[in-house]
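Chemist:
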Amino acid sequence: MSQPTAQNDTIQVDIVSDVMCPWCIVGFRQLENALAAMEQTARVRWHPFELNPDMPAGGQKLSDHMAEKYGATPQQSLENRNRLKDLGAELGIPFNFTDESRILNTFLAHQLLDWAETHGMQHPLKMALFCAYFTDGRDVSDPDTLAQIAHSTGLDAEAAKAVLQSGENAEAVRAKQHFWTSRGISGVPSMIFGGKYLLTGAQGENAYKDILRKMLKDAKAA
840 MSQPTAQNDT IQVDIVSDVM CPWCIVGFRQ LENALAAMEQ TARVRWHPFE
890 LNPDMPAGGQ KLSDHMAEKY GATPQQSLEN RNRLKDLGAE LGIPFNFTDE
940 SRILNTFLAH QLLDWAETHG MQHPLKMALF CAYFTDGRDV SDPDTLAQIA
990 HSTGLDAEAA KAVLQSGENA EAVRAKQHFW TSRGISGVPS MIFGGKYLLT
1040 GAQGENAYKD ILRKMLKDAK AA
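Residue numbers (my numbering): 840 to 1061.
(1) Which residues mark the beginning and the end of the alpha helix (DSSP H) in which Pro913 is found?
(2) Inspect the CB distances between the stretch 899-919 and the stretch 951-960 and report whether three or more fall short of 8 Å.
(3) Give a yes or no on whether the C-beta atoms belonging to His1130 and Ser856 are separated by under 9 Å.
(4) In chain order, what residues of the same chain have a beta carbon less than 7 Å from the beta carbon of Arg1052, not counting five sequence neighbours either side?
(5) Please state the DSSP three-state secondary structure of Leu787.
(6) If contact is defined by three or more beta carbon pairs under 8 Å, each pair taking one atom from either stretch, is the stretch 962-979 in contact with the stretch 935-949?
(7) Between the alpha carbons of Ala1041 and Gln869, how many angstroms are there, rounded?
(8) Measuring only the C-alpha atoms, how far is Asn872 from Asp893?
(9) Which first and last residues belong to the alpha helix (DSSP H) in which Phe946 is found?
(10) Are the Cβ atoms of Ala1011 and Ala999 separated by less than 9 Å?
(11) What separation, rounded to the nearest whole angstrom, lies between the Cα atoms of Arg884 and Val1027?
(12) Measure the alpha-carbon distance for Pro962 versus Lys908 and round it to whole angstroms.
(13) Roughly how far, in whole angstroms, is the beta-carbon of Tyr1036 from the beta-carbon of Val858, given that I think they are within contact range, below 8 Å?
(14) Pick out the complete beta strand (DSSP E) segments inside the stretch 879-918, 3 residues or longer, and give them in chain order.
(15) Over what stretch of residues does the beta strand (DSSP E) that includes Met1030 continue unbroken?
Following this line, the structure appears as structure tokens:
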């Protein structure tokens, strides 16, 4: 990937992410703020990662999942959700967790995102999926729901449904997941700046500014 050559040249940011990951949308919003503050443009490309690839159809209740996977007590789970809500409010992300919130399988959502990329609509769809899940509490593992969300971004709902039914993007998604995990990516969000610098987790606006400054410094020295 090319390095920026001057301030405001568009940079490439690759984000390995899962729709179920609240820190992925938090990290992205922090990155957006950093880019805006520095008047820097970026081309964002999303890549698939499944936090819970073995999650069955229908998913699992969020509180049960947190207890099973992380050993969190109900009180700890509630405190974590409240912290996310507060942070989301600061970043314009309405996290609407409820007692009925569920962790879902996202393999179909990743297939839809892979298809949307060929139509230049991957980023709008990714944002719509985050909103559908975290704000509206929709089932983003359901093909009909996914087709409706695709339609809301301007994509053809019937074409989206056909893609999901055929599974034609499944192999490509698996290959992309393997590409990143084989290179050591084990957590999300993982952001790769200019094909050179990696930051994992939602690091905060200042950390992203530091990386952007480093890229600009590298470009001037080249």
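Ideal placement from N, C-alpha and C gives every residue a C-beta, glycine not left out.
Modeler: The structure says:
(1) Taking the first residue of the sequence shown as position 1, residue 913 is located at position 74. Taken as a continuous stretch (DSSP letters only), the alpha helix (DSSP H) holding Pro913 covers 913-930.
(2) Contact between the stretch 899-919 and the stretch 951-960 is absent, because fewer than three Cβ pairs lie under 8 Å.
(3) No answer is possible for residue 1130: it lies beyond the span of the chain, which begins at 840 and ends at 1061.
(4) In the sequence shown, residue 1052 corresponds to position 213, counting from 1. Cβ-Cβ distances below 7 Å link Arg1052 to nothing in the same chain once the five nearest sequence neighbours on each side are left out.
(5) Any answer about residue 787 is impossible in this case: the structure gives the chain only from 840 up to 1061.
(6) Result yes; three or more Cβ-Cβ pairs closer than 8 Å.
(7) Indexing the sequence shown from 1 puts residue 1041 at position 202. Indexing the sequence shown from 1 puts residue 869 at position 30. In a straight line, the C-alpha of Ala1041 is about 8 Å away from that of Gln869.
(8) Counting from one through the sequence shown, the residue named residue 872 turns up at place 33. Counting from one through the sequence shown, the residue named residue 893 turns up at place 54. In this model, Asn872 and Asp893 are separated by some 34 Å (Cα to Cα).
(9) Residue 946 sits at position 107 when you count from the first residue of the sequence shown. That run of the alpha helix (DSSP H) goes 946-956.
(10) Counted from its first residue, the sequence shown places residue 1011 at position 172. Counted from its first residue, the sequence shown places residue 999 at position 160. No, Cβ-Cβ distance for Ala1011 and Ala999 is not below 9 Å.
(11) In the sequence shown, residue 884 corresponds to position 45, counting from 1. In the sequence shown, residue 1027 corresponds to position 188, counting from 1. A straight-line Cα-Cα distance of about 14 Å links Arg884 and Val1027.
(12) Position 123 of the sequence shown holds residue 962. Position 69 of the sequence shown holds residue 908. Position check: residue 962 holds His in this sequence, whereas Pro was assumed. Each residue's Cα considered, the two are about 30 Å apart.
(13) Position 197 of the sequence shown, counted from the first residue, corresponds to residue 1036. Position 19 of the sequence shown, counted from the first residue, corresponds to residue 858. By a beta-carbon distance limit of 8 Å, Tyr1036 does not contact Val858. Their separation comes to about 24 Å.
(14) Taking only runs of at least 3 residues, the beta strand (DSSP E) segments lying wholly in the stretch 879-918 are 881-887.
(15) Stepping through the sequence shown from its first residue, residue 1030 is reached at position 191. Counting along the chain, the beta strand (DSSP E) containing Met1030 begins and ends at 1029-1032.
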